[in-house]
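One structure below.
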Amino acid sequence: MSQKFRLENGGLINRDKKLSFKFNGKSYYGYEGDTLASALIANGVHLVGRSFKYHRPRGFFGAGVDEPYAVVQLYRNNETEPNIKATEQELFEGLEAKSVNCWPSVNFDIGAINNFLKIFLPAGFYYKTFMWPKSFWYRVYEPFIRKAAGLGVASTKHDKERYEHKYEYCDLLIAGSGPSGLASAYAAAKNGARVILAEDKPRFGGSLLTSDVNIGNQSGEDWANSIISELKEMPNVIVKNRSQVFGYYDHNMLVMSEKVSDHLPKTKKHHPKQRLWYIRAKEVLISSGSIERPLVFGNNDTPGVMLSSAAKEYLKVYGVLVGKNPLVFTNNDSGYETAIEFKKNGVNPIILDSRVNPQSEIIDEAINLGIKIKFSHVVVAAQGYKKVSSADIAKISDDKKQLGTIENIKCDCICVSGFWTPTIHLASQSGNKTKFKEEIDAFVPGTSKQKETTLGAANGIFTLEETLKSSFTAGQDLSKKITNKDNKISFPNVVEKISSQHDKFWCVPLPKGKSYKRFLDFQNDVAVSDIEIALKEGYRSIEHVKRYTTLGMATDQGKTSNLNGLQLVSDIENKVVPAVGHTTFRPPYTPISIGAIVGREVGKHSKPTRKSPMHSWHEKNNAIFVDAGVWLRPRYYKQGSETLFEASKREAKNVRTNVGVCDVTTLGKIDIKGPDAAELLNRVYTNAWLKLPVGKARYGVMLREDGIVMDDGTTTRISENHYHMTTTTAQAANVLSHLEYYLQLVWPELNVNVVSTTEQWAGAAIAGPKSRKLLEKLFPNNDVSNEGLPFMGYMESDLFGVKARIFRISFSGELAYEVNVESNNGQFMWEKIIELGQEFQVQPYGTEALSTLRIEMGHVAGSELDGRTISYDTSLEGLISKKKDFIGKRSLNREAFTSSDRQKIVGVVPLDKKTSIPEGSHLVKDAQAPLPNKKLGHISASCWSVEHDNPFSLAILKDGKNMIGEKLFVMSPLKNKVIPVEIVSSHYVDPKGERVRS
Amino acid sequence: MLHIKCPHCGMRSQNEFSYGGDASVKRPELNKEISDEEWDNFVYNRKSLRGKHLELWQHLSGCRQWIKVERDTATHEIFNTYKADEEIT
Ligand SMILES: [Zn+2]
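This is the structure:
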């Protein structure tokens, strides 16, 4: 198919490289350097979608980030992506895209019936229509809205692309590479400042690529190219295209999204799709330019109505005509530039200028070129459904209130210019309170809030000479402060055409008897009449009007609609625009993909994976691993076709009958040294610590200041002023911070140092009746008898030449030891234990068996110390010293903590001794009671007791102390289970604790 | 993301720190008899100030020191940072 709207010559595209692409299933050609939008327009395609609410036909309105209409679903490399602007998507070979928000097709759209029913869809229609009856919401309204009102479909597949994050520091970050960005970057770079220059488009230069100006005897485009190539060569400068600075956060942190591969058919190997840059800048220069403002008239959303600057960009950058019979409707000189470009390319435009008798150089040029101009004329309404076919135009009175006779003229596009709106989003995001500038009828940044300086058009400066001068100066001055260099650059000679005053006119009145929709927000279908209704209904605050009408709330965030909406509200309210104020700009400036935000922190990359020094042994021996915090721990060691249940039962049973070995490296370990170490422990733990002898361990419980149990563990006195503390795996980091807090802030007088040694020691728990026999083999030179190494004893030894620490402590309730060696010897220790334990039937056991063993002996762990329980609840009140003060003690006097029927830990056994009890189930008195059934407690942990060979659980139960022997019901609505149970002691195994002392 | 000057390490990003609340709260002395109200004020009751706030941060992924930061809770402006034992002027 030929490109009927492509010019023979011109543009910045590469005509030597033809690219084929598909839109809505049809094949077309474009060129390298095209966007999807420019290639479609070149092929005469103007219908790209349907609008959000009324499903009216949608074409192209802009040529870049401000585009409200041309949002498509993109297909690339077997993936699909919604919410892609055709005006930003660069063409690549094989690109496929489809229209969104239309069903069954863009040409025949069932939703368009909304357009004829629009009387039912006024402002606030979501609030009004979908409010009642309530039950309709889930069944009827929501599914309807979801189907009818999407802007594309997100892929449900795993995204295989890579997204990266990068952190960068610089002296000056410059957002936008138009004249102000280039000038300031150049001046700052010459002063030796570290500069990052970011451009969201593929080409640098901004407005210089399309305006007819001359800088230093070069065209604007040539000047831009020469500056960019010089900047690229400088080692202190980073120049990035396809990179949008979309957010200005606290303390001069800006975030930029770089589209590394989106313009390619496929991401190159080892490249990311997109890269997110976190940039901390000393100074920020905002050179984001301005966006042309639409003019508001009847059916101004018809395909073919577009910004005049966009029409000019399609012409000059892409060599594409948006129409062959164009009408230019303007209230300022910018429309003339577009008309002149048309004329130069052999097309005869007609200019309608709302102004009475404007005079300027460029108007003279248009007149001299023979362009037909109608002053005091406006477009009343566009005609044509899927594309503009003609326009109703009329003369307008000087006060802009009366329309003359309406005349219909043929045209195939209407290029509108309602003057310019500075892009102040970044400045506003930084906290800058913007101010209204009367001369340009728009907001510009006020006093800098952070280190931001706004330049050029973004600051409301619309002449090139002033823009370049102020930007050179800003770049020079700001960099001088940082680098102390003062490299003067000579200012180039600038030739440009000076514009005359724009017309303060933006909305064409309705002719008598007509009710054309005049749109303000093109993406969300908000018309003048909607705003009028909202105000009639009493909405006053612009923030409320915005939410009620959804003005500016679409994915383009009102880039083209914002100011016109404000103008309308201020006109109706008889206020000036600054009194109405504008809604808050929030990041991101333009939609950012979730993948870019997440970066590489996906799945297993979301946090580090820690492995114990014995990990490879576990792997070789069929360990099935489980995530324990950031650690990978063996859950069980699979033999043959064993299930988790069978394997953990075997492992636990072997501990009770022979001996087992468990990798306990992950337990938190804190080394505590200093003359006041005992005093610190005495204040941190609830029990007494001042008299613990050297070579002894003690179990301790620590509280938070609010009296809730924080953690438990054993601490061993290694020598006079040296202790070794253990914490649970989960709380290790918190306990260290907790100790540091008290040592540094509360009791700095204590002479103690604490440091984490979790990763310095590899740990193996050796548990079971045969554990001492195994220990004798491991340490033949030590006396490990009950007298030589009693319960809670500690000794230092030598494991075949390797320094070792032996603690006689038990988590399983059996005779047990824990051996620690330095991490690099962990594997050696483990292999020795397995080797020498063979004659005692040693078996490794995982976390599942470990849990079983601790549950059936009633030893509390994380599921009981859940941040809601106190010592009494977990039967640890025996460890509370009456004689001394400690962290959290004062809280224990609180009324609820001392009440006589307080919750307490108990054991739970099903009456049938068969049914396993789901963790998290509730305990109730009467299973038949009406809902909500009063909960007496909950199941905190469940296991299959290997000692008794039946299910056993721990529970935290109200008045648990007096409930032993009671019959209750366990209810799990989630698992649909009701189980009759008996409450027993939490110590289901060896209640007297004889085994650990044997 | 805030940029916080650790008095020990220099300027660092907020994600190296953890927040520790109001720095003006003083823990009652050990073994001292105090009323329920005083204790509750220490454990629970905090002012949610708008404006200048002296607060604790720990340089967790750095020197692990607890520091004091004088910050405006509305604007996030940081006026000064201090070591734990530093006299506040
Ligand atoms: Zn630090």
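Here the protein sequences line up with chains A and B, keeping their order. Counting in my numbering, the first sequence runs from 99 upward without gaps. Counting in my numbering, the second sequence runs from 105 upward without gaps. Built from N, CA and C at the ideal position, the CB exists for glycine as well. Keep in mind the model is a prediction, meaning the values are calculated, not measured.
- Among the bridge pairs identified by DSSP, R781/A is matched with none.
- DSSP lists I768/A as the beta-bridge partner residues of S854/A.
- The beta carbon of A750/A lies closer than 6 Å to those of A947, T950, L951 and V1044 in the same chain, with the five residues before and after it left out.
- Closest option to L383/A, judged by alpha-carbon separation, among K371/A, A572/A, V478/A and R638/A: A572/A.
- Interface criterion not met: the Cβ of P1028/A is under 8 Å from no Cβ in chain B.
- Restricting attention to S1083/A, A409/A and I631/A, the CA atom closest to the CA of K1002/A is found in S1083/A.
- Under the DSSP assignment, W928/A falls in the alpha helix (DSSP H) whose first and last residues are G924 to G935.
- Boundaries for H256/A: no alpha helix (DSSP H) harbours it, and the DSSP string shows neither H nor E there.
- Of the residues assessed, P333/A falls on the exposed side of the cut-off, its CB having fewer than 16 other CB atoms within 10 angstroms.
- Applying a distance threshold of 6 Å between residue Cβ atoms and the heavy atoms of ligand 1 selects C110/B, H112/B, C113/B, H163/B, G166/B, C167/B and Q169/B, given in chain order.
- For A632/A, DSSP assigns no beta-bridge partner whatsoever.
- For G727/A, no Cβ of chain B is located within less than 8 Å of the residue's own Cβ.
- Counting only Cβ-Cβ distances below 7 Å, Q842/A has contacts in chain B at Q169, W170 and A188, in chain order.
- With its beta carbon at least 8 Å from every one in chain B, H263/A lies outside the interface.
- Around V674/A, the same chain offers F534 and S668 as residues with beta carbons nearer than 8 Å, after the five sequence neighbours per side are excluded.
- Contact check for G387/A and G304/A: beta-carbon distance about 6 Å, within the 8 Å limit, so the pair qualifies.
- Of the candidates K472/A, H1046/A and K499/A, the residue whose Cα lies closest to the Cα of E505/A is K472/A.
- Around the C-beta of K410/A, 16 or more other C-beta atoms lie within 10 Å, and the residue is accordingly described as buried.
- Annotation for N780/A: A786, W787, L788, K982 and F984 place their beta carbon closer than 8 Å to its own, counting only its chain and skipping 5 residues before and after.
- The C-beta distance from I272/A to S125/A rounds to 41 Å, too long to fall under 8 Å, and the pair is not in contact.
- The beta-bridge partner set that DSSP reports for L117/A consists of G128/A.
- Against L106/B, the close residues of chain A are D348 and H349, in the order they occur along the chain (beta-carbon pairs closer than 7 Å).
- For Y892/A, the closest alpha carbon among the candidates A959/A, M823/A, D257/A and L666/A is that of M823/A.
- DSSP places H1085/A outside both helix and strand once states are collapsed to three, so it counts as coil.
- The secondary-structure analysis by DSSP pairs E188/A across a beta bridge with T133/A.
- Fully contained in the region 443-503 of chain A are the following alpha helix (DSSP H) runs of length 4 or more, in chain order: 459-466.
- Residues of the region 977-999 of chain A whose Cβ lies closer than 7 Å to any Cβ of chain B, in chain order: D983, R988 and S989.
- Taking the beta carbon of W143/B as reference, the chain A residues within 8 Å of it are R988 and S989, listed in sequence order.
- The beta-carbon separation of E297/A and N339/A, rounded to 5 Å, stays under the 8 Å limit for a contact.
- DSSP places D669/A in the uninterrupted alpha helix (DSSP H) bounded by N660 to E671.
- Secondary structure within the region 600-655 of chain A: the alpha helix (DSSP H) runs of 4 or more consecutive residues, fully enclosed, are 626-634 and 640-647 (chain order).
- S835 and E838: these are the residues of the region 821-838 of chain A whose beta carbon lies less than 7 Å from some beta carbon of chain B, given in chain order.
- Of the candidates N112/A, V852/A, D1010/A and I968/A, I968/A places its Cα closest to the Cα of S997/A.
- The three-state reading of DSSP puts P689/A in coil, since its state is none of H, G, I, E or B.
- With respect to chain A, the C-beta atom of V147/B has a partner C-beta closer than 8 Å.
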